[in-house]
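In this note's numbering, the protein residues as written are 1167 to 1511.
Below is one structure; the comments refer to it alone.
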């Protein structure tokens, strides 16, 4: 089979654009340079810079690769193959057909550096700062909710599970380093509506008007939704209404402390049923709160992000943080909002 010539490649890229390649729109709406200062601080550290051998890949290109990987939920090996194979991926990353493609080990190492330096949360909030600087957030109300993010189930004995829950490492694992590396000691089991879940939770606060994630927190799956409310809301939300389901009942003090109006759905009990007025109020609140379900629907159906193959809290938090950032970027393309550094123009 004859290799593609320059004219053939140009024709195919034009064809992809006419077919509404979503990556073209994403590239057009995001000024990636806003992330450069954070990445430079990380990779200018002597321990993270490598001046031996081939020159390193461009940091912004590698960060864009992380977003691409998150958007399509690809493994490192799949990512290497898809960049090699797909013109749309190459164009998004500003790679020519003749350019060297990052291999799976390089992809893994870049992400591990971001995890070890704990900067993924900073990258998320840098993007949100740009949204705030451009007044993209509507700030007409906030919604809080949480969703399970499952991980591969662990096949542990009862004694092993007991030690893990106590924060200990079972003796049988200590002598087997390969086995220990495959054990997630941070994920937890929980039940909801008689269904069992194993893994973590993505707690999010959402700007009601735009459906953009304004803050997030990752915990193990056993943590109750309401426990993370104080970490999600703050006094910057003063004057806005806070919508949530009845799982957040009893958090009035935290909500009022931030100067927010309590629009949490009321909960009935065995001995005290809701009145018709309360039921009507709940229906009204639910109509606003439903917007957060659209986000979880996108994460589930479009990004396949509710099941991840990571081990440990640090990697799960990084994966979920990148997912939330990627969602916000895609949401900006839907809103047709271009994001850039307003101070540089």
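Glycine included, each C-beta is placed from N, C-alpha and C at the ideal position.
Because the structure is a prediction, the values reported are computed rather than measured.
- Beta-bridge pairing by DSSP links residue 1381 to 1371.
- Three or more beta-carbon pairs separated by less than 8 Å link the region 1348 to 1358 to the region 1377 to 1392, which places the two stretches in contact.
- In summary, residue 1468 is exposed, with fewer than 16 beta-carbon neighbours lying within 10 Å of its beta-carbon over all protein chains present.
- The same chain holds no residue with a CB closer than 7 Å to that of residue 1438 once the five nearest residues on each side in sequence are set aside.
- Less than 8 Å separates the beta-carbon of residue 1475 from that of residue 1318.
- When secondary structure is reduced to three states using DSSP, residue 1427 falls in the strand class.
- Straight-line spacing of the CA atoms in residue 1262 and residue 1291 works out to 31 Å.
- The C-alpha of residue 1264 is placed about 16 Å away from the C-alpha of residue 1224.
- When rounded, the separation of the alpha-carbon atoms in residue 1442 and residue 1309 is 24 Å.
- Residue environment for residue 1501: exposed (fewer than 16 other C-beta atoms within 10 angstroms of its C-beta).
- When the alpha-carbon of residue 1385 is set against those of 1202, 1486, 1339 and 1374, the nearest one is in 1486.
- A distance of 8 Å or more separates the beta carbons of residue 1200 and residue 1231.
- Secondary structure at residue 1440: coil, using DSSP grouped into helix, strand and coil.
- Considering only 1466, 1250, 1195 and 1312, the residue with the shortest C-alpha distance to residue 1366 is 1312.
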